[in-house]
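Mapping of the sequence shown onto the numbering used here: residues 12 to 73, in sequence order.
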Amino acid sequence: MTMQPQFITDTNGNKISVILSLEDYEELLEDLEDLAAVAERKDEEAIPFEEAVKEIEHELRA
Numbered sequence: 012m013t014m015q016p017q018f019i020t021d022t023n024g025n026k027i028s029v030i031l032s033l034e035d036y037e038e039l040l041e042d043l044e045d046l047a048a049v050a051e052r053k054d055e056e057a058i059p060f061e062e063a064v065k066e067i068e069h070e071l072r073a
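Following this line, the structure appears as structure tokens:
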């Protein structure tokens, strides 16, 4: 991501808003959705990588 945000400032020069390109905005939304999905699953039991691969291979053969 190569964000180049622009800022809107108040009369004292304090940043109060940001302007992003639509592409950057959409990419940020996608990242937030991904993080939310990870957060929702944080309490799930983890399985070893090898076991996950075996399960996927088994499902592909079925």
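We put the CB at the ideal spot given by N, CA and C, even for glycine.
Residues bridged to residue i [DSSP beta-bridge criterion]
i, result
"residue 18", "29"
8 Å contact criterion, which residue i and residue j should meet: CB distance rounded
i, j, result
"residue 14", "residue 42", "Not a contact, Cβ separation roughly 12 Å."
Proximity of residue i and residue j at Cβ, strictly below 9 Å
i, j, result
"residue 20", "residue 27", "yes"
"residue 68", "residue 58", "no"
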